[in-house]
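Q:
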Amino acid sequence: MNLNQLAWRNIWRRKRRTLITAFSIGFGVMLSVTFTGSGDYTYTNMIDMGASMGMGHVTVQPVGYHLKPTLDKRLKQTEKLHQRIMGMDGVANVTVRITGQAMFASARKSVGGAFIAVDPAYESSANNLLKHSIVEGELFSDKQGRGIVIGSRLAKKLHVKLGKKIVYTTTDANGEIISDITRVTGIFTTGIDMVDGIMALLPIGSVQKNLKYAPDEATVIAVVISDQRHAEAMRDELAALPEAHEAEVLTWKKSQPDLAGVIAFDKAGNYISQFLVGLLIAVGILNTMLMSVLERSREFGVMMAVGMSPKVLFKLVMVESFWLAIVGLLLGIIITAPWYYFLYNTGIDFSGAFGTDFSYGGVLVDPVFKARLFKESIIAILGGLFILALLAGVYPAWRAGRVPPVESLKTI
662 MNLNQLAWRN
672 IWRRKRRTLI
682 TAFSIGFGVM
692 LSVTFTGSGD
702 YTYTNMIDMG
712 ASMGMGHVTV
722 QPVGYHLKPT
732 LDKRLKQTEK
742 LHQRIMGMDG
752 VANVTVRITG
762 QAMFASARKS
772 VGGAFIAVDP
782 AYESSANNLL
792 KHSIVEGELF
802 SDKQGRGIVI
812 GSRLAKKLHV
822 KLGKKIVYTT
832 TDANGEIISD
842 ITRVTGIFTT
852 GIDMVDGIMA
862 LLPIGSVQKN
872 LKYAPDEATV
882 IAVVISDQRH
892 AEAMRDELAA
902 LPEAHEAEVL
912 TWKKSQPDLA
922 GVIAFDKAGN
932 YISQFLVGLL
942 IAVGILNTML
952 MSVLERSREF
962 GVMMAVGMSP
972 KVLFKLVMVE
982 SFWLAIVGLL
992 LGIIITAPWY
1002 YFLYNTGIDF
1012 SGAFGTDFSY
1022 GGVLVDPVFK
1032 ARLFKESIIA
1042 ILGGLFILAL
1052 LAGVYPAWRA
1062 GRVPPVESLK
1072 TI
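Counting in the numbering used here, the sequence shown runs from 662 upward without gaps.
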C-alpha cells in the first residue's frame, strides 16, 4: 500500500474529527469568497462610478495640470488623439473635455462651483454619471450651442428651474475674466451632495470660444476601458503614443487619490479579516493533525521498529494533511457555490438601513450587498487555504518522526 492510500485511510479513522476539520476549511472558503467577492464587486463599481464622473479610468491631460489645474494649460490636436485612442483594444469610450472652476449666478444668488464642458455627440449615459442622473430636462444637443445642465442642489441654491438663465464666470487661457449667459436645459441628481451642489455640464464648443481655445484644444481626454484592472497597462500604451508625448497620462489612482485611498484602506481591513480566518483554519488543522499523531505514537513506534524511517513518517503525515486540505476545499466549493450564486445574482439589500443614495469616498455605493470574483481571486483563495493547510501539518509531521521507537512503544 502506497503512502497516498495509507494516508487516505488514516484520515477517515476518526471520521467525526476529519469532517469537523473539513467543514471548518469549507466555512473558511465561504468566508473568504464572501470577503473577496464583495470587495471585488464593490471596488469595481466604485472605480467605474468614479471614472464616469469625468476623468475616466485613464486620463490624458497637460503636463502639470494634475497638480495645478488652471485653464492656461491645455492639450492640442485632441481630435487626432481622440481618434487614435478609440481604435485601441480594450477602450470602451473616449471623451474630450474641458474642466474648470466657475462662479454661477442667477437673478437671486451667486454660487461657486465647477464645470465639465462636453461634446454631447460622444457622451453616453453609461459613461457619464451626470448625464445618466438627469431627472429633469435633457443634455444640450449642440456642442456649439447654449445650455447648461446643473446639479439639483446647485439649482436649489441658485433658485432656478428649467429654462431659467444662469451666468457663469471663469478665467480664460490668458487669465482674463470672462462671463457668458445660458439657460438651464437639465437638472441631475446623483445622490452625492458635493457633486449635486457644485457641478455643471456645458457645451464644449461654446466654452472653447469663450476661453479662446482652438477647436481641437481641451484640458482632459477621459478614457473609459472595459476592465479597470488594466488601467496601468492602458496608461503605458497611451504614454507611448507619439501624439501624447507632450501630455501627462494618469490612471484613476492618480486622478482620484481620495477614492484610491478609501479603497486601499478598505482592502487592508479585508486582508486582515481573511488572515484571521486563515489563521483559525490553520490552528484547527494543526490541532487535528497533532491529536492524530499523539494518538498514534505507539503505531508510529512499531512502524519505525520494523524499519520505516522518520523521513517516511514525515511524508505520511504531510500526505494526510494534503488529503484533509483537498476534502475541505472540495466541501468548501460545494457549500460556497449556491451562496455565491445568490450573492452574484440577487444579493442582500441594505437600502433600508443606508438608503439608496449611500456614498463612500465621494462616489455612490450600491446598497445591495453582492459579490463578484475574478479568476485571480479564486486561485488566491483556494491556493492560499491549501498552502495554509499544508503548513499546519508540518509540525505534527515533524513530531511523528522525533520520538524514539522504544519510547513510542511504551505509550498506550
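All C-beta atoms, glycine included, are put in the ideal place defined by N, C-alpha and C.
(1) Round the Cβ separation of Ala998 and Leu742 to the nearest angstrom and send it over; I've been treating them as touching at under 8 Å.
(2) What residue from Gly715, Ala1041, Val796 has the CA that sits closest to Glu784's CA?
(3) Sorted by chain position, which residues of the same chain lie with C-beta nearer than 6 Å to Arg675's C-beta, five sequence neighbours on each side aside?
(4) Rounded to whole angstroms, what's the CA-CA distance from Glu956 to Asn706? Just pull it up for me.
(5) Specify whether the region 870-888 and the region 755-773 touch according to this definition: at least 3 beta carbon pairs, one from each stretch, less than 8 Å apart.
(6) Starting from the Cα of Met710, find the closest Cα among Gly773, Gln889, Ile848, Ser813 and give me that residue.
(7) Skipping 5 residues on each side, what residues in its chain have a beta carbon closer than 6 Å to that of Val988?
(8) As an exercise, report each continuous alpha helix (DSSP H) stretch of at least 4 residues that is fully enclosed by the region 686-750, in chain order.
(9) Determine the closest residue to His793 out of Thr731, Leu862, Gln762, with distance taken between C-alpha atoms.
(10) Consult DSSP for Thr1007 and reduce its assignment to one of helix, strand or coil.
(11) Can you say whether Ile924 is buried or exposed, counting buried as having 16 or more other CB atoms within 10 angstroms of its CB?
(12) For a quick check, are the C-beta atoms of Phe975 and Gly852 less than 8 Å apart?
(13) Are Leu736 and Glu878 close, meaning C-beta to C-beta below 8 Å?
(14) Buried or exposed: which applies to Arg814, given that a residue is buried once 16 or more other Cβ atoms fall within 10 Å of its Cβ?
(15) Assuming Ala1032 contacts Tyr1001 under a Cβ cut-off of 8 Å, what Cβ separation, rounded to an integer in Å, is found between them?
(16) Hey, Glu909 and His718: beta-carbon distance below 8 Å or not?
(17) What do you get for Gly939, buried or exposed, if any count of 16 or more other CB atoms within 10 angstroms of its CB means buried?
(18) Name the residue from Leu985, Lys914, Gly930, Asp733 whose alpha carbon lies nearest to the alpha carbon of Leu947.
(19) Please report the Cβ distance between Lys822 and Val845, rounded to the nearest whole angstrom; I am assuming they are in contact, meaning their Cβ atoms lie under 8 Å.
(20) Starting from Arg844, trace the beta strand (DSSP E) in both directions and tell me its first and last residue.
(21) Residue range of the beta strand (DSSP E) that Ala753 falls in?
(22) When the Cα atoms are used, what is the spatial distance from Arg677 to Lys914?
(23) Could you check whether the region 773-790 touches the region 862-873, counting it as contact only if at least three pairs of C-beta atoms, one from each stretch, sit closer than 8 Å?
(24) The beta strand (DSSP E) spanning Tyr783 covers which residue range?
(25) If you draw a straight line from the alpha carbon of Asn931 to that of Val978, how long is it in whole angstroms?
A: Considering the structure as presented:
(1) Sequence index remark: in the sequence shown, residue 998 carries index 337 (1-based). Sequence index remark: in the sequence shown, residue 742 carries index 81 (1-based). Contact between Ala998 and Leu742 fails: their C-beta atoms lie close to 46 Å from each other, not under 8 Å.
(2) Locating residue 784 in the sequence shown gives position 123, where the first residue counts as 1. It is Gly715 whose Cα lies nearest to the Cα of Glu784.
(3) Taking the sequence shown and counting its residues from 1, the one referred to as residue 675 is at position 14. Cβ neighbours of Arg675 beyond the five flanking positions: none.
(4) Here residue 956 corresponds to residue number 295 of the sequence shown, with the count starting at 1. Here residue 706 corresponds to residue number 45 of the sequence shown, with the count starting at 1. Distance between the alpha carbons of Glu956 and Asn706: 52 Å.
(5) Yes: the two stretches touch, three or more of their Cβ pairs being nearer than 8 Å.
(6) Taking the sequence shown and counting its residues from 1, one reaches residue 710 at position 49. Comparing Cα-Cα distances from Met710 to each of Gly773, Gln889, Ile848, Ser813, the minimum goes to Gln889.
(7) Against the sequence shown, residue 988 aligns to sequence position 327. Cβ neighbours of Val988 beyond the five flanking positions: Ala683.
(8) 739-747
(9) Reading the sequence shown from its first residue, position 132 is the one you call residue 793. The option with the nearest alpha carbon to His793 is Leu862.
(10) Taking the first residue of the sequence shown as position 1, residue 1007 is located at position 346. Three-state DSSP puts Thr1007 in coil, outside helix and strand.
(11) For the purposes of this step, residue 924 is taken as the residue at position 263 of the sequence shown. Counting Cβ neighbours within 10 Å, Ile924 comes out buried, since at least 16 surround it.
(12) What you label residue 975 is simply residue 314 of the sequence shown in a count that begins at 1. What you label residue 852 is simply residue 191 of the sequence shown in a count that begins at 1. Not closer than 8 Å, so no.
(13) Translated into positions along the sequence shown, residue 736 becomes position 75. Translated into positions along the sequence shown, residue 878 becomes position 217. Going by C-beta atoms, Leu736 is nearer than 8 Å to Glu878.
(14) Locating residue 814 in the sequence shown gives position 153, where the first residue counts as 1. Using a 10 angstroms sphere on the CB of Arg814, the tally of other CB atoms reaches 16 or more, which defines it as buried.
(15) The residue labelled residue 1032 in the question sits at position 371 within the sequence shown. The residue labelled residue 1001 in the question sits at position 340 within the sequence shown. That pair is a contact at about 6 Å.
(16) For the purposes of this step, residue 909 is taken as the residue at position 248 of the sequence shown. For the purposes of this step, residue 718 is taken as the residue at position 57 of the sequence shown. Contact: no.
(17) Locating residue 939 in the sequence shown gives position 278, where the first residue counts as 1. Buried is the call here.
(18) Counting from 1 along the sequence shown, the entry for residue 947 is found at position 286. With distances taken between Cα atoms, Leu947 lies closest to Leu985.
(19) Walking along the sequence shown from the start, residue 822 turns up at place 161. Walking along the sequence shown from the start, residue 845 turns up at place 184. Confirmed, about 7 Å.
(20) Here residue 844 refers to the residue found at position 183 when the sequence shown is read from its first residue. Here the beta strand (DSSP E) through Arg844 covers 838-849.
(21) What you label residue 753 is simply residue 92 of the sequence shown in a count that begins at 1. Here the beta strand (DSSP E) through Ala753 covers 752-766.
(22) Locating residue 677 in the sequence shown gives position 16, where the first residue counts as 1. Locating residue 914 in the sequence shown gives position 253, where the first residue counts as 1. One C-alpha to the other measures close to 50 Å.
(23) By the Cβ test, the region 773-790 is in contact with the region 862-873, since at least three Cβ pairs between them sit closer than 8 Å.
(24) Here residue 783 refers to the residue found at position 122 when the sequence shown is read from its first residue. Per DSSP, Tyr783 belongs to no beta strand (DSSP E) and is neither H nor E.
(25) Start at 1 with the first residue of the sequence shown, and residue 931 comes out as number 270. Start at 1 with the first residue of the sequence shown, and residue 978 comes out as number 317. Computed Cα separation, rounded: 33 Å.
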